[in-house]
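K.L.:
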Amino acid sequence: MKYVKIFKALSNEARLNILKWLKSPDLYFPPQNHSLDEDDFVNGVCVGSIKDKSGLSQSTTSEYLSILQDAGFLESKRIGQWTYFKRNEEFIKQLSNWIGKEL
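In terms of our numbering, the sequence shown opens at residue 109 and continues consecutively.
(1) Shortest alpha-carbon distance to Val153 belongs to which of Met109, Lys116, Ser119, Arg186?
(2) First and last residue of the beta strand (DSSP E) that includes Phe149?
(3) By the three-class DSSP mapping on this structure, what secondary structure does Leu211 have?
(4) Which residues bound the alpha helix (DSSP H) around Ser167?
(5) To which residues does DSSP link Lys110 through a beta bridge?
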């Protein structure tokens, strides 16, 4: 794990909010319109929905999502012309275990 990159990604309130919102997407975002045959990406949220919820510009939203993905917190999938993001729960679990053991 890239711990410095991970903690830098968490050092921004908007990025923390995005992670929180994506934990329970049904509570924070409207129903998503991705294709039903993409069942392997359940709970994925379109970048546009994340942008609308955050109130950030498109470029800032994309940058923040990229930072979170690069650190390992998010997975993405392109479906048609849209990109959807969801939390990487396995990564978050591993990080939680590491924090519990090492810090």
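Glycine included, C-beta positions come from ideal geometry on N, C-alpha and C. All figures in this text were calculated on a predicted structure; none of them were measured in a lab.
P.N.:
According to the data block:
(1) Position 45 of the sequence shown, counted from the first residue, corresponds to residue 153. That would be Arg186, whose Cα lies nearest to the Cα of Val153.
(2) As a position in the sequence shown, residue 149 is number 41, starting the count at 1. No beta strand (DSSP E) holds Phe149; DSSP gives it neither H nor E.
(3) Here residue 211 refers to the residue found at position 103 when the sequence shown is read from its first residue. Leu211: coil per DSSP, three-state reduction.
(4) Counted from its first residue, the sequence shown places residue 167 at position 59. 166-179 is the extent of the alpha helix (DSSP H) around Ser167.
(5) For the purposes of this step, residue 110 is taken as the residue at position 2 of the sequence shown. None, per the DSSP bridge assignment.
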